[in-house]
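K.L.:
These protein sequence lines map, in sequence, to chains A and B. Residue 60 in my numbering is what sits at position 60 of the first sequence, and the numbering runs on without skipping anything. Residue 1631 in my numbering is what sits at position 631 of the second sequence, and the numbering runs on without skipping anything. Before anything else, here's the structure in question.
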Amino acid sequence: MLFDIVLTINDREHRLQVSPDERLVDVLHDRLGLTGTKKGCGSGDCGACTVLLDGSPIVSCLQLAIACQGKPITTIEGLAVDDEHLHPLQEAFIRHGAVQCGFCTPGMILSAKKLLDDVPDPDDAAIRSALAGNLCRCTGYIKIFDAVKSAGQAIRGGS
Amino acid sequence: MHPAALPDEIQILEENPVGVGEYAVIGKSILRDDGYAKVTGKARFSADMAQHNMLIGKILYSSRPHARILKIDPSKAQALPGVEAVITSADAPDTRYGAFIFDRPILARERVRYVGEPVAAVAAISEQVAIEALKLIEVEYQDLPAVFDFQSALPDNAPQIHPQLQAYAAVNPYVRYGNVCMDARISLGDADEAFHQAHLIFENTFTTQPVHQGYLEPHACISAFDHTGRLTVWMETQQLSWDHASLARALNLPMTKIRLIPTYVGGGFGGKLNISIEPICCILTQITGRPVAITLTREEEFFAQHPQAPYKIILKTGVAKDGRIIAQDADILVDAGAYADQAVGIATKSAFSIQGCYSIPNCRARTRVVYTNNVDWGCMRGYGTTQPTFALETQLDMIAKELGMDPAEIRLRNLCQEGDSLISGQSICSVHIRETMEKALATAGYWEKKNALPKNFGIGIANVAKTSGLLASSASIRVNEDATVSIGTGIVDIGTGAHTVFRQIAAEVLGIPIEKISIASQDSDSAPFDIGSQASRTIFNTGNAVRIAAEDVRYQMLELASKTLKCDKEHLMFKNGSWVNFTSGAEIGFEALVGASLYAHQGPLLGHGSYMSTRPLDKPVGEGFYEHAYPTFTFSTQVALVEVDPQTGKIEVREFTSCHDIGKALHPNAVEGQIEGAVLQGIGLAILEEIITQDGVVKNPNLVDYRMPTAMDAIDIKVILIEEPDEKGPFGAKGIGEAPIIGVAPAIANAIFDATGVMVKQLPIHLERLFFAIQERNQ
């Protein structure tokens, strides 16, 4: 049985028919072509499919799409203002070499965004804790921490 | 015209010749070209390449470790609405493929050899239907006796896993018998006599565990017929050219009938070298005529891919009174799992790495690669060097303790010298281990800390010698009409930043802004042959090929400039991207030359570079080895400082110093990234990670029970680079991909030994293992 739902994703409304067991990650990745949301494990262990639901990071592989109505969803595609103006986190990830293979990057950036929204000047422990659910196998995390700190500075400097 | 045959005069014409002086972009951490796509979500990986009218493929795996297949009945699955194809070995060509020994069928034929071997596959309109269909395929097995360890696999009367072993084609004629698919020996000097002379002899058994490479992106591929009707495959790969050949071999098609398009790769680390799901996907497309996608689950990654093989090494070392190592013997056993895959390659590498970075004049090794009914184990970053280095480096600390020497002292006493003989028969070169050791010890504060650490703290050292470079690379440089430049390469940038470095190299040689240079879109038709992103070879090999191709273009430009400016080549010099007649002052720039080449003189500028970094050693080397001589080596010293809780066995790595002889860091940020990432992986391998199997079944196939380091485990690593340009490397560079992971486990094991007096010779040293080791010692 299919249900008509409306999802607000990156400030756009999408009218969809979903089955009640359809996961948000599949709707985003397979049906809406928002392939920046990565599938790394399917069981909430790696964080690659992290998106923001109502501003907070969730693993979209453990989230039913039908339960996301009425709450804004932000994926990595919705983070930059436009092609020319990236979010400070995106800028910082590039500048600090925090990106290697790039598979964890979207989820990592979205988890970090929530952190910086709450705490513009996070200490090391806060950054580690905020990113603890996002695995990265390439970087050793050090340059990711640097990027998050630097983005925080940019955001504070700009406000 | 080949740049290798450049006339002498070009050397003196260059005001800023390659390898000398200040560089425009080499050595600078310029922004990577893939960063923007990856932070915005625009970067697409194989699973993101959905095609119109695409079906979803799923694989049915063997549930038995060793069994005869009596019958497969796909009829119920075929009858399920939405199922477009169900295939078994009857639908696949009767071929075998592999990395060194061609032993693997596309789908199990008559017999299954491990839990996880593909038996059948389905293409259906949705994932749910495909999963339902798998459940409806009926397979009747007759179980055969199975073997899961060396002890049960090696005896003459052990159940034979590959009765056709002798008949398999292989890249070399390996000595094969029973369940052994390679048995080889090699020696240097006179080990027997040297052991006889030894003051002390140490013999220990070391084991290393199966580990997953841990790339975040599960394997995925999509196959389809392109607009010409040709079979096309989007895939993530470290090894485009070889995969192209392997897939053609598996499907029994000429390479011209298959086109591979590499996508972004979500991490490789040795886990994405060979084809695996691609032939199955292609057959589903051939049968249905439709695009088919196969994306593995994380669970499948553990049992149906190629995690690193477990090892057992018996290492015997003889030392003189003064701590000099005079004799060594290594008996190396590698569990290949059900098929050989990379096991033969890593086993060879292991035998040739038993001297580490030390002068050991008398040594011998025997290596056996053993089939079992375990997962089809493979290789990982460190490729067979990691395991013997763990054995040797920890053995050294046990020897030092016995002799009353400091671990640093015994190492300094034995360090290899330029030109020392390796067991392979080649001599070691570009040696900078003394520098890495001195720098690392100084930075780590080793001498001050050594005997002044608080209780339960320990400090440990490990040294590493890692070959750099492997086989062949080629590259092309195409100059476009708007004076931009496209580099053709078969190297897929698996996340290391290699493509950015290739652009730096071309920019430096051509003297044009790096923004004008890009990497050409890649597919197996047009990408020049390359052995791939592996073996610490990408920058060394392909970097050289790109350099040569760019020099080729520059030489063509010199000829063109000479014609255009109507002067002898001898009167021209290359400066800031222009050719200048230094007698008249006349000059012609890059853009003008491009125009001249396209519409007036010789024709379009197309540069070509081929580079072979290794040469084959005698065939065979010793008895039964097949190996190459390597162009250079990367040397490293790692120092770990740990805190151990003896009540629980918990280990905290408090400080880590990682010093590498990199030749020249062409892109320092990317080099650091390699080191920081590899060290944390190494910490995972040392104290956290292990694939647990029971009767061939993986018991922890997920990222909770298989525990990789998280942000909470990350530590600040003191990275030190020694830059002594290597004469053969592009702009002096050596490889750095693998060296930083190799010494991590032994440095940590040695630090634990320093803290507790207990040496754990089995990886990983997780808390339970250390706890019991301490308990045992205390009794």
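All C-beta atoms in this analysis are idealised placements derived from N, C-alpha and C, irrespective of residue type, glycine included. Bear in mind that the values here come from a model prediction, so they are computed numbers and not experimental data.
Using a Cβ-Cβ distance under 8 Å, would Q1681 (chain B) count as near chain A?
P.N.:
Translated into the one-based positions of the second sequence, residue 1681 (chain B) becomes position 681. Closer than 8 Å: yes.
K.L.:
What does D45 (chain A) touch in chain B if you count any residue whose Cβ is under 9 Å from its own?
P.N.:
Working through the first sequence from its first residue, we reach residue 45 (chain A) at position 45. Neighbours of D45 (chain A) on chain B, chain order: R1298, N1702, L1703 and V1704.
K.L.:
Can you tell me whether E1300 (chain B) is buried or exposed, with buried defined as 16 or more other CB within 10 angstroms of its CB?
P.N.:
In the second sequence, counting from the first residue as 1, residue 1300 (chain B) sits at position 300. So E1300 (chain B) counts as buried.
K.L.:
Quick one: does V6 (chain A) have its CB under 8 Å from some CB of chain B?
P.N.:
Within the first sequence, the letter at position 6 stands for residue 6 (chain A). Chain B, which has no Cβ nearer than 8 Å to the Cβ of V6 (chain A), makes this no.
K.L.:
Would you list, in chain order, the members of the stretch 127–145 of chain A that have their beta-carbon closer than 9 Å to a beta-carbon of chain B?
P.N.:
For the stretch 127–145 of chain A, the beta-carbon criterion of a distance under 9 Å to any beta-carbon of chain B is satisfied by I127, R128, S129, A130, L131, A132, G133, N134, L135, C136, R137, C138, T139, G140, Y141, I142, K143, I144 and F145.
K.L.:
Run through the DSSP bridge pairs and tell me what W1242 (chain B) is partnered with.
P.N.:
In the second sequence, the residue the question calls residue 1242 (chain B) occupies position 242. W1242 (chain B) is not bridged to any residue.
K.L.:
Going by C-alpha distance, which of B:R1537, B:A1343, B:R1064 and B:K1449 is nearest F1102 (chain B)?
P.N.:
Taking the second sequence and counting its residues from 1, the one referred to as residue 1102 (chain B) is at position 102. The candidate whose alpha carbon is nearest that of F1102 (chain B) is B:A1343.
K.L.:
What residues of chain A sit near I1494 (chain B), judged by a beta carbon separation below 7 Å?
P.N.:
As a working mapping, residue 1494 (chain B) is identified with position 494 in the second sequence. Within chain A, the residues near I1494 (chain B) are C101.
K.L.:
Please classify T968 (chain B) as buried or exposed, where buried requires at least 16 other C-beta atoms within 10 Å of its C-beta.
P.N.:
In the structure displayed, chain B extends from 1001 to 1779; residue 968 (chain B) sits before or after that span and is not available.
K.L.:
In angstroms with no decimal places, state the Cα-to-Cα distance between V119 (chain A) and V148 (chain A).
P.N.:
The sequence position of residue 119 (chain A) within the first sequence is 119, counting from 1. The sequence position of residue 148 (chain A) within the first sequence is 148, counting from 1. When rounded, the distance between both Cα atoms is 11 Å.
K.L.:
Hey, does S1029 (chain B) have any beta-carbon neighbour from chain A nearer than 8 Å?
P.N.:
Here residue 1029 (chain B) refers to the residue found at position 29 of the second sequence. Answer yes: the Cβ-Cβ gap between S1029 (chain B) and chain A drops below 8 Å somewhere.
K.L.:
Can you list, in chain order, the residues of its chain with a C-beta nearer than 8 Å to that of D21 (chain A)? Leave out the 5 residues immediately preceding and following it.
P.N.:
Position 21 of the first sequence, counting from 1, holds the residue named residue 21 (chain A). So the list reads L64, once near-sequence residues are dropped.
K.L.:
Sorted by chain position, which residues of the same chain lie with C-beta nearer than 7 Å to D117 (chain A)'s C-beta, five sequence neighbours on each side aside?
P.N.:
Residue mapping note: residue 117 (chain A) aligns to position 117 of the first sequence, counting from 1. Taking D117 (chain A) as the centre and dropping the five residues before and after it, the same chain places the C-beta of G55 closer than 7 Å to its C-beta, in chain order.
K.L.:
Does the stretch 1259–1268 of chain B come close enough to the stretch 1235–1242 of chain B that 3 or more CB-CB pairs lie under 8 Å?
P.N.:
yes
K.L.:
Going by DSSP, which residues form a beta bridge with K1312 (chain B)?
P.N.:
Along the second sequence, read from residue 1 onward, the residue named residue 1312 (chain B) stands at position 312. Its beta-bridge partners are B:T1207 and B:L1333.
K.L.:
Leaving out five residues before and five after L16 (chain A) in sequence, what residues of the same chain have Cβ atoms less than 6 Å from its Cβ?
P.N.:
Within the first sequence, residue 16 (chain A) is the residue found at index 16, counting from 1. So the list reads I5, once near-sequence residues are dropped.
K.L.:
Is it the case that the Cβ atoms of V1642 (chain B) and A1751 (chain B) are separated by a distance below 8 Å?
P.N.:
Numbered from its first residue, the second sequence carries residue 1642 (chain B) at position 642. Numbered from its first residue, the second sequence carries residue 1751 (chain B) at position 751. Yes, the Cβ-Cβ distance between V1642 (chain B) and A1751 (chain B) is below 8 Å.
K.L.:
On a Cα-Cα basis, can you pick out the residue from B:T1389, B:N1157, B:K1349 and B:S1350 that is closest to A1745 (chain B)?
P.N.:
As a first step, residue 1745 (chain B) must be located in the second sequence, where it is residue number 745. It is B:T1389.
K.L.:
Can you tell me where the alpha helix (DSSP H) with T1500 (chain B) in it begins and where it stops?
P.N.:
Start at 1 with the first residue of the second sequence, and residue 1500 (chain B) comes out as number 500. It spans A1498 to L1510 - the alpha helix (DSSP H) in which T1500 (chain B) sits, taken as one unbroken run.
K.L.:
With a threshold of 8 Å between beta-carbons, can A112 (chain A) be considered close to chain B, or not?
P.N.:
The sequence position of residue 112 (chain A) within the first sequence is 112, counting from 1. Answer no: the Cβ-Cβ gap between A112 (chain A) and chain B never drops below 8 Å.
K.L.:
Residues of chain B with a CB under 9 Å from the CB of A48 (chain A): which are they?
P.N.:
Translated into positions along the first sequence, residue 48 (chain A) becomes position 48. Near A48 (chain A) (Cβ distances below 9 Å), the residues of chain B are L1216, E1217 and G1266.
K.L.:
Does any residue of chain B bring its CB to less than 8 Å from the CB of F3 (chain A)?
P.N.:
On the first sequence, position 3 is the one that residue 3 (chain A) refers to. Not an interface residue.
K.L.:
For K1038 (chain B), would you say it is in contact with chain A, using Cβ-to-Cβ distances shorter than 8 Å as the test?
P.N.:
If you number the second sequence from 1, residue 1038 (chain B) lands on position 38. Interface residue, yes.
K.L.:
Got a sec: is the Cβ-Cβ distance from T74 (chain A) to anything in chain B below 8 Å?
P.N.:
To locate residue 74 (chain A), count along the first sequence from 1; it is residue 74. Output row for T74 (chain A): interface = no.
K.L.:
Relative to the C-alpha of P1709 (chain B), which candidate in B:K1316, B:H1660, B:Y1371 and B:A1686 has its C-alpha closest?
P.N.:
In the second sequence, residue 1709 (chain B) corresponds to position 709, counting from 1. When only C-alpha atoms are compared, the closest one is B:A1686.
K.L.:
Tell me, please, whether the CB atom of C61 (chain A) is closer than 8 Å to any CB atom in chain B?
P.N.:
Here residue 61 (chain A) is taken as the residue at index 61 of the first sequence, counted from 1. The beta carbon of C61 (chain A) does not come within 8 Å of any beta carbon belonging to chain B, so the residue lies off that interface.
K.L.:
Is the distance from the Cβ of G42 (chain A) to the Cβ of T1297 (chain B) below 8 Å?
P.N.:
The residue you call residue 42 (chain A) lines up with position 42 of the first sequence. The residue you call residue 1297 (chain B) lines up with position 297 of the second sequence. Yes.
K.L.:
Quick test of the definition: if touching needs 3 or more C-beta pairs under 8 Å, does the stretch 1273–1292 of chain B touch the stretch 1172–1184 of chain B?
P.N.:
no
K.L.:
When burial is assigned at 16 or more other CB atoms within 10 Å of the CB, is V81 (chain A) buried or exposed?
P.N.:
Residue numbering aside, residue 81 (chain A) sits at position 81 when the first sequence is read from its first letter. V81 (chain A) should be labelled exposed.
K.L.:
Using the rule of at least 16 other Cβ atoms within 10 Å of the residue's Cβ for burial, across every protein chain shown, is Q1142 (chain B) buried or exposed?
P.N.:
Along the second sequence, one-based indexing puts residue 1142 (chain B) at 142. In the assembly as shown, Q1142 (chain B) is an exposed residue. Its beta-carbon has fewer than 16 other beta-carbons within 10 Å.
K.L.:
With DSSP as the reference, please indicate the residues paired to Y1141 (chain B) in a beta bridge.
P.N.:
By 1-based counting over the second sequence, the position of residue 1141 (chain B) is 141. The partner list for Y1141 (chain B) (beta bridge, DSSP) reads B:I1069.
K.L.:
What is the C-beta distance between I1548 (chain B) and A1498 (chain B), in whole angstroms, given that I count them as a contact (C-beta under 8 Å)?
P.N.:
Sequence index remark: in the second sequence, residue 1548 (chain B) carries index 548 (1-based). Sequence index remark: in the second sequence, residue 1498 (chain B) carries index 498 (1-based). Their Cβ separation, rounded to whole angstroms, is 16 Å, which puts I1548 (chain B) and A1498 (chain B) out of contact at 8 Å.
K.L.:
Going along chain B in order, which residues have a C-beta closer than 9 Å to the C-beta of L16 (chain A)?
P.N.:
Walking along the first sequence from the start, residue 16 (chain A) turns up at place 16. Residues of chain B passing the Cβ test: none, with the nearest at roughly 16 Å.
K.L.:
State the CB to CB distance for the pair I1736 (chain B) and T1634 (chain B), rounded to an integer number of angstroms; the pair is presumed to be in contact (CB under 8 Å).
P.N.:
Looking up residue 1736 (chain B) in the second sequence gives position 736. Looking up residue 1634 (chain B) in the second sequence gives position 634. Contact between I1736 (chain B) and T1634 (chain B) holds, with the beta-carbon distance rounding to 6 Å and staying under 8 Å.
K.L.:
Considering only their Cβ atoms, is the gap separating I1072 (chain B) from V1139 (chain B) smaller than 8 Å?
P.N.:
Numbered from its first residue, the second sequence carries residue 1139 (chain B) at position 139. Numbered from its first residue, the second sequence carries residue 1072 (chain B) at position 72. Cβ distance < 8 Å, so V1139 (chain B) and I1072 (chain B) count as in contact.
K.L.:
Indicate the three-state DSSP secondary structure (helix, strand or coil) for D1190 (chain B) in the structure shown.
P.N.:
Counting from one through the second sequence, the residue named residue 1190 (chain B) turns up at place 190. If DSSP states are grouped into helix, strand and coil, D1190 (chain B) belongs with coil.
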